[in-house]
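Numbering (my numbering), first residue to last: 3 to 392.
The following block contains the structure:
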């Protein structure tokens, strides 16, 4: 009954948020939009019974949602907890699903890809030789102190120039790029995704079960501020070390969420002048881990996370498989407003067509080109001019 009420509530909200998105372009500030999402999350949690009803009823009577959040957050700072880890030699499909609670919680598989071609080959000289003349979008200044509450400046750059800039200490960051794998399928082979596929209890064991692969390449000090995203992923840490901070999606109401458009992720919206709000993450239960080369982090859907690159060169890949059930479990509201339901239907129809027509392409081929192109167009504010590069 609660799930049914939540579904009805989500559909009712859809018309409201269409109005919010239109007004956001002119009159509605990020703070007001964040408050609207926070209030809706609180109501939805009440309907689904995920939190204590008495606390929520009390909270819903407050005038401002940001005041609600601050009163609900513990006053004492908490120390970060370690992300659960398991050695590569000890992992199995049953253990993986058990330790991730059915793909809804994070876990680190230590050294899982240490012997892969990617870990043995990838580096400055290899990328210079293989990818040097390729052009992709990159964030111009991705230092963490510059990434919060600011519009990221994205520019087209040759991989050769990007790597030379990283060697000089620049903070340009190849962030979340998929087209690089569509252009260079040998990179997918070098990741040896069959090992990851073996953990998924799927009939497809050669890596074709994964739908999207994103590349992250940058130098020391680059990274991402706190955000969450749909479609959990295996984050394959190939070169250098990365420091991750993770917060459970059950605390989304306390993190001033503000959705990106299209809604494939949400940022944590803080007012930089409000020191109390800026200290939220230190008051919430959170997890930390430093990934070493060859480690794989299963980053569960809608878990809040920030990433700091610790070494002179860091390379990682997010390997994603659409899993509607896990997304739905971790954050009902965010999932219903994301691309996930549509992509789930699209993938099902594509696979039916593929069987009937014996098409050679897999769903990932579509995702690597079409989805990435649309996102790039939105970032760069261009259409036809970007298609020649992507």
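From the three backbone atoms N, C-alpha and C, an ideal C-beta is built for every residue, glycine too.
Pull up the DSSP beta-bridge partners for residue i, would you.
i	result
residue 106	Paired residue(s): none; residue 106 is not in a bridge.
residue 310	225, 245
residue 160	137
residue 220	316
residue 300	109, 236
residue 95	DSSP, once it has assigned bridges, lists no residue as partnering residue 95.
residue 322	214, 235
residue 289	83, 248
residue 230	268
When the distance is taken between beta carbons, is residue j closer than 8 Å to residue i?
i	j	result
residue 301	residue 225	no
residue 110	residue 101	no
residue 327	residue 202	no
residue 158	residue 129	no
residue 291	residue 85	yes
residue 307	residue 247	yes
residue 176	residue 244	no
residue 1	residue 240	With the chain represented from 3 up to 392, any question about residue 1 goes unanswered, as that position is not in the structure.
residue 155	residue 142	yes
residue 87	residue 112	yes
residue 220	residue 316	yes
residue 232	residue 83	no
residue 305	residue 336	no
Enumerate in chain order the residues of its own chain whose CB-to-CB distance from residue i is below 7 Å, with the five nearest sequence positions on each side excluded.
i	result
residue 222	311, 312, 313, 314
residue 253	286
residue 238	115, 193, 298, 318, 319, 321
residue 236	198, 298, 300, 321
residue 127	none
residue 120	192, 193, 240
residue 409	Residue numbering for the chain in the displayed model covers 3 to 392; residue 409 lies beyond these limits and cannot be assessed.
Between which residues of its own chain and residue i is the CB-CB distance below 6 Å, once the five residues before and five after are set aside?
i	result
residue 133	161
residue 229	267, 269
residue 190	183
residue 179	138, 217
residue 106	302, 328, 331, 332
residue 98	201
residue 261	268
residue 167	174
residue 118	194
residue 309	225, 226, 244, 246
residue 242	313, 315, 316
Is residue i helix, strand or coil by DSSP?
i	result
residue 269	strand
residue 181	helix
residue 316	strand
residue 86	coil
residue 121	helix
residue 176	strand
residue 339	helix
residue 294	coil
residue 258	coil
residue 114	coil
residue 329	helix
residue 200	coil
residue 189	helix
residue 195	coil
residue 167	helix
CB of residue i to nearest heavy atom of the ligand MN: below 7 Å?
i	result
residue 100	In the structure on display, the ligand MN does not appear, and there are no ligands present to speak of.
Apart from the five residues on each side of it in sequence, which residues of its chain come closer than 8 Å, Cβ to Cβ, to residue i?
i	result
residue 90	111, 112, 113, 114, 116
residue 249	228, 257, 283, 286, 287, 288, 289, 305, 306, 307
residue 325	105, 233, 234, 303
Uninterrupted beta strand (DSSP E) stretches inside the region 232-256 (no shorter than 3 residues): 235-241, 244-249
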